[in-house]
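Engineer: So that we are looking at the same thing, I have put the structure below in structure tokens.
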Amino acid sequence: MSELEMRMKVKESQHRFSELLKIHAVSLKEGSLILNASELYLERVILSNETPKNYIEIEKIMKKISFRFDKIVNDRYYDPKKSMYDNYKSIFLFNRNKAKDVHTWSFKVYRKNMTALNEIYWAYVPMVEKEKYLIRNEVETDLNTNVYFHAKGPDSGRLAPMLSEWGSHIKVFSNWNRINVLLTAISNFETYLAAVSKITMESNPIICLGLPERIDGVKYLKKGYYNEKRYKDNVDNLIISFTKGTWESRAKAFYDIFADAPMSIKNNLSDLEKMRLMRNKAAHSFGQEIDKARSNRTLDSLSYDKLSESKLKYYLKLLYKIATSLDSYFLDKHIGSYEAIYYYHENYALKKGESEYNPQSMIEMKKGLTAMAETVTWSKKYVKEMIIYYHSI
36 MSELEMRMKV KESQHRFSEL LKIHAVSLKE GSLILNASEL YLERVILSNE
86 TPKNYIEIEK IMKKISFRFD KIVNDRYYDP KKSMYDNYKS IFLFNRNKAK
136 DVHTWSFKVY RKNMTALNEI YWAYVPMVEK EKYLIRNEVE TDLNTNVYFH
186 AKGPDSGRLA PMLSEWGSHI KVFSNWNRIN VLLTAISNFE TYLAAVSKIT
236 MESNPIICLG LPERIDGVKY LKKGYYNEKR YKDNVDNLII SFTKGTWESR
286 AKAFYDIFAD APMSIKNNLS DLEKMRLMRN KAAHSFGQEI DKARSNRTLD
336 SLSYDKLSES KLKYYLKLLY KIATSLDSYF LDKHIGSYEA IYYYHENYAL
386 KKGESEYNPQ SMIEMKKGLT AMAETVTWSK KYVKEMIIYY HSI
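Oh and the sequence shown: position 22 is 57 in my numbering, straight run, nothing missing.
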């Protein structure tokens, strides 16, 4: 048989074999793994000249060709008390309901932003503290600011004339700096919550109805349902209800959808609401009570919020703790490997029009996932099984 004839036979048998598996295995809820098996061991099936006619024969062929009970599996993996399906799935790396990473990609972005924010803030703190320390230990208690800092140029006149006054200004500025760091951290947390909620509702769309069941959203992704205006509007409205308004109203909307999510939001409503109010006042009314500031008819400035460094660190730690607990829930309960599948869908199925497994694309995707998800453990076998799974849905 020529190579061309062999390839044609492989293609023909692959189609027949896959269709049989879809018909007989999907009804038993074993379709995805057994379909993967058909792809991984198809050439052996063809070379054996055995064509499966029903599910029983598929079982026999898989046992005969794939397991090699007499040589490998029987000694190490095969448990006669378990079904063929339970035995067989142990050799697969890819699992739709289990992610390759311990965090979602959305959380990785959130964590990266928080790391950058911390680095920027702590680059500022020691510089200011050093100057404050040196000034406190000056023999002369009230030096000229321009002389002390060797300030020259047109902006030197903007400095307070004496160090004591400069010290008061830097104290106020440090407070404002901490408030703005908190403002950024809250925005980062809300962005994470919006992004991960959207991914969750795509991966398991039935969650939008507040139901505990799990269905695979990949099939709807492939059909383009998530690009339809009605769906996008519904999801956008849900996300707004999680990220706008008081934290009491947000929590109610959030747990109406994610009823079994950790109570980390509900258990910290008081602190979350304090942060929200502080953020709003800083953004809209110079750190003052918004209603009082807008109705103020005197020349007096109102008092503004104070935020100590210890309180800032407490709030940042709390936000990170809440995000971490939610991320584990989203990933384990709903998202699984959806993010990596979505990456393939966007970059290969849509952009390159691929409708079946392509070994070259598998290599490219392995490299792309490593760069994108910052995970170095993407194996060829895992990526291959994932691509085969995508095209089997």
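Note that beta-carbon positions come from the ideal geometry of N, C-alpha and C, so glycine has one too.
For Met298, which of helix, strand or coil comes out of DSSP?
Structural biologist: As a working note, residue 298 is residue 263 in the sequence shown. Coil.
Engineer: For Asn393, which three-state DSSP category applies?
Structural biologist: The residue you call residue 393 lines up with position 358 of the sequence shown. Asn393 falls in the coil class under three-state DSSP.
Engineer: On the CB-based measure, 16 or more other CB atoms within 10 Å of its CB, does Phe277 come out buried or exposed?
Structural biologist: If you number the sequence shown from 1, residue 277 lands on position 242. Phe277 should be labelled buried.
Engineer: Mind listing, in chain order, the continuous beta strand (DSSP E) runs of no fewer than 3 residues lying wholly within the region 181–248?
Structural biologist: For the region 181–248, not one full-length beta strand (DSSP E) segment reaches 3 residues or more.
Engineer: For Asn269, which residues does DSSP report across the bridge?
Structural biologist: Residue mapping note: residue 269 aligns to position 234 of the sequence shown, counting from 1. None, per the DSSP bridge assignment.
Engineer: Using the three-state DSSP reduction, which class does Asn303 fall into: helix, strand or coil?
Structural biologist: Against the sequence shown, residue 303 aligns to sequence position 268. Residue state, collapsed to three classes: helix.
Engineer: So, at 7 Å on beta carbons, what are the nonlocal neighbours of Lys416 in its own chain, with the 5 sequence-adjacent residues on each side left out?
Structural biologist: Here the question's residue 416 lines up with position 381 in the sequence shown. Contacts found: Leu128.
Engineer: Which residue or residues does DSSP assign as beta-bridge partners of Asn179?
Structural biologist: Your numbering for residue 179 matches position 144 in the sequence shown. Beta-bridge pairing links Asn179 to Met197.
Engineer: Sorted by chain position, which residues of the same chain lie with C-beta nearer than 7 Å to Tyr156's C-beta, five sequence neighbours on each side aside?
Structural biologist: Within the sequence shown, the letter at position 121 stands for residue 156. Contacts found: Val216.
Engineer: Taking the straight line between their C-alpha atoms, what separation do you get for Tyr227 and Asn179?
Structural biologist: In the sequence shown, residue 227 corresponds to position 192, counting from 1. In the sequence shown, residue 179 corresponds to position 144, counting from 1. Taking the straight line joining both Cα atoms gives about 47 Å.
Engineer: Identify, in the order they occur along the chain, each residue of the same chain with its Cβ nearer than 6 Å to the Cβ of Ile221, setting aside the five sequence neighbours on each side.
Structural biologist: Here residue 221 refers to the residue found at position 186 of the sequence shown. If we look at Ile221 and ignore the five residues flanking it on each side, its Cβ neighbours are Met310 and Arg314.
Engineer: Where Glu409 and Ser191 are concerned, what is the direct C-alpha to C-alpha distance, given to the nearest angstrom?
Structural biologist: Position 374 of the sequence shown, counting from 1, holds the residue named residue 409. Position 156 of the sequence shown, counting from 1, holds the residue named residue 191. Using only the alpha carbons, I get a separation of about 46 Å.
Engineer: Skipping 5 residues on each side, what residues in its chain have a beta carbon closer than 6 Å to that of His426?
Structural biologist: Taking the first residue of the sequence shown as position 1, residue 426 is located at position 391. Here the set comprises Glu391.
Engineer: May I ask which residues mark the beginning and end of the alpha helix (DSSP H) holding Val144?
Structural biologist: Taking the sequence shown and counting its residues from 1, one reaches residue 144 at position 109. Here the alpha helix (DSSP H) through Val144 covers Trp140 to Arg171.
Engineer: Return the residue from the list Ser343, Ala375 and Ser238 that minimises the CA-CA distance to Phe365.
Structural biologist: Translated into positions along the sequence shown, residue 365 becomes position 330. Answer by Cα proximity: Ser238.
Engineer: Say whether the region 342–350 touches the region 205–214, bearing in mind that this needs 3 or more beta-carbon pairs closer than 8 Å, one atom from each stretch.
Structural biologist: yes
Engineer: Checking 7 Å against the spacing of the C-beta atoms, do Thr139 and Val231 come in under that value?
Structural biologist: Here residue 139 corresponds to residue number 104 of the sequence shown, with the count starting at 1. Here residue 231 corresponds to residue number 196 of the sequence shown, with the count starting at 1. Yes. Within cutoff.
Engineer: For a test of the three-state rule: what should DSSP assign to Ser372, helix, strand or coil?
Structural biologist: Translated into the one-based positions of the sequence shown, residue 372 becomes position 337. It is coil, neither helix nor strand.
Engineer: Distance check for Glu263 and Lys419, CA to CA, integer angstroms please.
Structural biologist: Along the sequence shown, one-based indexing puts residue 419 at 384. Along the sequence shown, one-based indexing puts residue 263 at 228. Distance between the alpha carbons of Lys419 and Glu263 is about 30 Å.
Engineer: So, does the region 242–261 touch the region 301–308, judging by three or more C-beta pairs under 8 Å?
Structural biologist: no
Engineer: Taking the alpha carbon of Val160 as the point to measure from, which residue in Ile170, Lys147 and Ile205 has its own alpha carbon closest?
Structural biologist: The count along the sequence shown starts at 1 and reaches residue 160 at position 125. Among Ile170, Lys147 and Ile205, the Cα nearest to that of Val160 belongs to Ile205.
Engineer: Rounding to the nearest angstrom, what Cα-Cα distance links Leu75 and Asn130 in this structure?
Structural biologist: Taking the first residue of the sequence shown as position 1, residue 75 is located at position 40. Taking the first residue of the sequence shown as position 1, residue 130 is located at position 95. Low local confidence applies: a pLDDT of 47 at Leu75 is under 50, so the model's placement there is unreliable, and no value is given.
Engineer: Looking at C-alpha atoms only, which residue of Asn223, Ile234, Thr235 and Glu166 is the closest neighbour of Trp201?
Structural biologist: Position 166 of the sequence shown, counted from the first residue, corresponds to residue 201. The shortest Cα separation from Trp201 among Asn223, Ile234, Thr235 and Glu166 belongs to Glu166.
Engineer: Using 8 Å for Cβ pairs, my map puts Lys133 next to Thr412. What's the rounded Cβ distance?
Structural biologist: For the purposes of this step, residue 133 is taken as residue 98 along the sequence shown, with counting starting at 1. For the purposes of this step, residue 412 is taken as residue 377 along the sequence shown, with counting starting at 1. Incorrect: roughly 13 Å between the Cβ atoms, too far for contact.
Engineer: Which residues in the same chain as Asp367 place their Cβ atom closer than 6 Å to its Cβ, once the five residues preceding and following it in sequence are excluded?
Structural biologist: What you label residue 367 is simply residue 332 of the sequence shown in a count that begins at 1. Answer for Asp367: no residue qualifies.
Engineer: For Pro240 versus Gly252, is the C-beta distance shorter than 7 Å?
Structural biologist: Walking along the sequence shown from the start, residue 240 turns up at place 205. Walking along the sequence shown from the start, residue 252 turns up at place 217. Going by C-beta atoms, Pro240 is nearer than 7 Å to Gly252.
Engineer: Could you please give the first and the last residue of the uninterrupted alpha helix (DSSP H) stretch that includes Ile250?
Structural biologist: Translated into positions along the sequence shown, residue 250 becomes position 215. No alpha helix (DSSP H) contains Ile250, which DSSP labels as neither H nor E.
Engineer: Can Leu256 and His380 be called in contact, C-beta distance under 7 Å?
Structural biologist: On the sequence shown, position 221 is the one that residue 256 refers to. On the sequence shown, position 345 is the one that residue 380 refers to. Contact flag set, yes.
Engineer: Indicate the three-state DSSP secondary structure (helix, strand or coil) for Glu399 in the structure shown.
Structural biologist: Locating residue 399 in the sequence shown gives position 364, where the first residue counts as 1. Three-state DSSP puts Glu399 in a helix.
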